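Asks: Protein chains in written order, with our numbering: chain U, 658 to 867; chain Y, 27 to 517.
Glycine included, C-beta positions come from ideal geometry on N, C-alpha and C.
The structure displayed is predicted, hence computed values, not measured ones.
There's a structure below that I have some questions on.
In structure tokens:
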């Protein structure tokens, strides 16, 4: 996280002014190393970060708590580099994305070193069996995609981030993210067509119901 | 997040997956809320606290940086690190298991049958143990590096799962699933009755009437019998409220199975007040369904009493209610009463605020709570109004699906199968992949049977079998179709 990346200010909301003031106070307390500041940070943004990580890594990933923890640590260590307190949420999102990217890359290396194709199965706890099967299939495909395609694709499709926000979260230019999304989509569809569990979803498209 | 710009043709897949993930996150957050309320902060369940603790430790013990080491030392450290990285990158081997005193083995075991008079212990290579009690049976489905998947077909087992960073154990008992990350518990599945006693850690249990799952923590016992879900202190006062509350009476009804959301009864009070469920039960059914009276021996061998923890007196449903949303002053009283499981009092309190006004102004979550308060108080009319308000005012909210299902169930219980069929049909049509879709399809089948409309029953039976060929109502559906083939009337 040495690079200073473009940051997107938080989107305006009815309580925008209050939220901005809260963020400013939070950043100040983190910079002042106040006790409880990290806890307050995670209380405020923990669920958002966990959602982002879930989109990227999948539900039920046993390492999500570790990644979340790592994000908190990096945020604590690097808060001095955040010049605009209003960009706190986007900044944290970026840290989460970069930390998850590190984990995915590490897993790819482990897979290569251990000569195993097997990766942790990620379903969605408590969902219907069909949905669990589809979730496992989606993340199996994600695991076979290049990480710099997979992450923007997951953020865009699952989290519904706008292009600009996706680019900012991934530390890419708009043109790059656009190009990678196109590639990712093509790659995903190619692999999805070979996957039985995703057949019904693709059939729906073919049948015009999607 | 809007899915409008999610291109790629599989928009529905992305939306459904995102919704399922959101639901899982919400369930997790609720489980963590429970854990926080009790003061227990296991790392896996409370990453906020874990993160905070980690930061605190890092501040206290800053790491040495490689750049500060002399070059030669750095090179040596680098070489060692490389070796370590390579060795740690090699995948952790799958667990092996030792059955009794036999040699360790690394594959599934299709049949585990404990002798009628002796236990069958399984010892896993990570130190975890699972003991099938005498007369119990099951099988070991899977073994992998993170844990194992076991099925308890019948009887009782005791488990002590050793927690590691990636521990993932799953135990199946009938239609229920216990997800474990490190804990000690006893599990029993006998005569369609689930009994789980948790001595350490916490687990999530889902399946059948538990729907999206309930969290059980150390010192608690979960029982599910006849559609009634109960969570109570382990080794607490004898539970005699069973099957006395309205929810329990609903479960006693020979009608269809539960609606997928847990009906958790309030915990027993120390001294039942006149007219309360506990008092009624004491006078009525005695200990007929008491956990203590009917429960198999789930106690671990040593020092059970010393491991018990105080768990307070609130039921899981109460905690669930308390954890939802902010409160306004006017709603404080009925919310607090509902929180304590005093549903009748909560109903009276809510009525004083004006039921119609509440139905008009409450948000979707509180409307669902309000309806549940009425339902658990055996007040179907106000429950119906609250559910209907939810469906009408928040048709796109995912809680509307719950309300539609509940309206079907209420109608069925009030002897209105035509109305029930309409609600269940709506659920199946509007939320075909919803968590209660299978049950809605089953109840639709039952409603059409009760309506004595053979064509509708056959259609419902076919639709059910297409959706759930091995579901709880599959036999009924096949029976309906077989009768049709024989030319005999629908049951």
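1) With burial defined as no fewer than 16 other Cβ atoms inside 10 Å of the residue's Cβ, what is the status of residue 717 (chain U): buried or exposed?
2) Count the CB pairs spanning the segment 710-724 of chain U and the segment 835-849 of chain U that are closer than 8 Å, and state whether there are at least three.
3) Using a Cβ cut-off of 9 Å, pull out every chain U residue sitting near residue 51 (chain Y), in sequence order please.
4) Examine the Cβ distances between the segment 787-802 of chain U and the segment 741-750 of chain U and report whether three or more of them are shorter than 8 Å.
5) Nearest-angstrom Cα distance between residue 130 (chain Y) and residue 197 (chain Y)?
6) In angstroms, rounded to a whole number, what distance separates the CA positions of residue 688 (chain U) and residue 55 (chain Y)?
7) Leaving aside the five residues before and after residue 844 (chain U) along the sequence, list all residues of the same chain whose C-beta is less than 7 Å from its C-beta, in chain order.
8) I want to verify the contact list: residues of chain U whose CB lies under 8 Å from the CB of residue 43 (chain Y), in sequence order.
9) How long is the line joining the alpha carbons of residue 498 (chain Y) and residue 437 (chain Y), rounded to whole angstroms?
10) Classify residue 114 (chain Y): buried if its beta carbon has 16 or more other beta carbons within 10 angstroms, exposed otherwise.
11) Please confirm whether residue 47 (chain Y) has its beta-carbon closer than 9 Å to some beta-carbon of chain U.
12) Residues of chain U with CB closer than 7 Å to the CB of residue 55 (chain Y), please, in chain order.
13) Buried or exposed, going by whether 16 or more other CB atoms sit within 10 Å of the CB of residue 194 (chain Y)?
14) Of all the beta strand (DSSP E) runs that stay within the bounds of the segment 441-494 of chain Y, which reach a length of 3 or more residues?
15) Output needed in chain order: residues of the segment 675-686 of chain U with a Cβ under 9 Å from some Cβ in chain Y.
16) Is the CB of residue 739 (chain U) under 9 Å away from at least one CB in chain Y?
17) Chain Y partners of residue 785 (chain U), CB-CB under 9 Å?
18) Using a Cβ-Cβ distance under 9 Å, would residue 849 (chain U) count as near chain Y?
19) Counting only runs that start and end within the segment 123-167 of chain Y, where is the alpha helix (DSSP H) found for 4 or more residues in a row?
20) For residue 223 (chain Y), which option in Y:429, Y:178, Y:216 and Y:247 has the closest C-alpha, if you only look at C-alpha atoms?
21) Among U:701, U:713, U:707 and U:681, whose alpha-carbon lies nearest the alpha-carbon of residue 809 (chain U)?
22) So what does DSSP say about residue 82 (chain Y), is it helix, strand or coil?
23) Since residue 163 (chain Y) and residue 180 (chain Y) are thought to touch, with beta carbons under 8 Å apart, how far apart are those beta carbons, to the nearest angstrom?
24) Is the beta carbon of residue 120 (chain Y) less than 9 Å from the beta carbon of residue 154 (chain Y)?
25) Cβ of residue 385 (chain Y) within 9 Å of Cβ of residue 373 (chain Y)?
26) Just confirm the distance between the C-beta atoms of residue 209 (chain Y) and residue 229 (chain Y), as a whole number of angstroms; I'd bet it's less than 8 Å.
27) Please report whether the beta-carbon of residue 749 (chain U) lies at a distance below 9 Å from any beta-carbon of chain Y.
28) Ordered along the chain, which non-local residues of its own chain (more than five positions away) have a Cβ less than 6 Å from that of residue 494 (chain Y)?
29) Which residues bound the beta strand (DSSP E) around residue 36 (chain Y)?
30) Are any of the Cβ atoms in chain Y nearer than 9 Å to that of residue 855 (chain U)?
31) Do residue 399 (chain Y) and residue 369 (chain Y) have their beta-carbon atoms positioned less than 9 Å apart in this structure?
32) Locate the beta strand (DSSP E) running through residue 259 (chain Y), then write down its first and last residues.
33) Residue 496 (chain Y) to residue 434 (chain Y), Cα distance in whole Å?
34) Distance check for residue 734 (chain U) and residue 95 (chain Y), CA to CA, integer angstroms please.
35) With residue 471 (chain Y) and residue 490 (chain Y) assumed to form a contact (beta carbons below 8 Å), what rounded beta-carbon distance in angstroms separates them?
36) With burial defined as no fewer than 16 other Cβ atoms inside 10 Å of the residue's Cβ, what is the status of residue 42 (chain Y): buried or exposed?
Replies: Reading from the atomic positions:
1) Residue burial annotation: residue 717 (chain U) is buried, with at least 16 other C-beta atoms found within 10 angstroms of its C-beta.
2) no
3) Contacts between residue 51 (chain Y) and chain U, judged by CB atoms closer than 9 Å, involve 704, 707, 708, 711 and 716 in chain order.
4) no
5) 21 Å
6) 28 Å
7) 802 and 806
8) Within chain U, the C-beta atoms nearer than 8 Å to that of residue 43 (chain Y) come from 781, 788, 791, 792, 795 and 815, in chain order.
9) 21 Å
10) Because the pLDDT at residue 114 (chain Y) is just 44, under 50, the model does not fix this residue reliably, and the value given afterwards should be weighed accordingly. Counting Cβ neighbours within 10 Å, residue 114 (chain Y) comes out exposed, since fewer than 16 surround it.
11) So, interface residue.
12) Identification of chain U residues near residue 55 (chain Y) by a Cβ-Cβ cut-off of 7 Å yields 704, ordered along the chain.
13) It is buried - the Cβ of residue 194 (chain Y) has at least 16 other Cβ atoms within 10 Å.
14) Fully enclosed beta strand (DSSP E) runs of 3 or longer: not present.
15) Result list empty, no residue passes.
16) no
17) 46, 459, 460, 461, 463 and 464
18) yes
19) Counting only runs of 4 or more residues that sit fully inside the segment 123-167 of chain Y, no alpha helix (DSSP H) segment turns up.
20) Of the candidates Y:429, Y:178, Y:216 and Y:247, the one whose C-alpha sits nearest the C-alpha of residue 223 (chain Y) is Y:247.
21) U:713
22) Only weak support exists for where residue 82 (chain Y) lies, its pLDDT of 44 falling under 50; the value from the coordinates is given anyway. Helix, per DSSP.
23) 5 Å
24) no
25) no
26) Sure, about 6 Å apart at Cβ, within 8 Å.
27) no
28) 464
29) It is not in any beta strand (DSSP E) - residue 36 (chain Y) carries neither H nor E in the DSSP assignment.
30) yes
31) yes
32) 254-259
33) 23 Å
34) Summary for residue 95 (chain Y): the model assigns pLDDT 40, below 50, so the residue's position carries little reliability; its value from the coordinates is reported in the next sentence. Roughly 22 Å separates the two Cα atoms.
35) Indeed they touch by this definition, with Cβ atoms about 5 Å apart.
36) Here residue 42 (chain Y) is buried: its Cβ has 16 or more other Cβ atoms, across all protein chains shown, within 10 Å.
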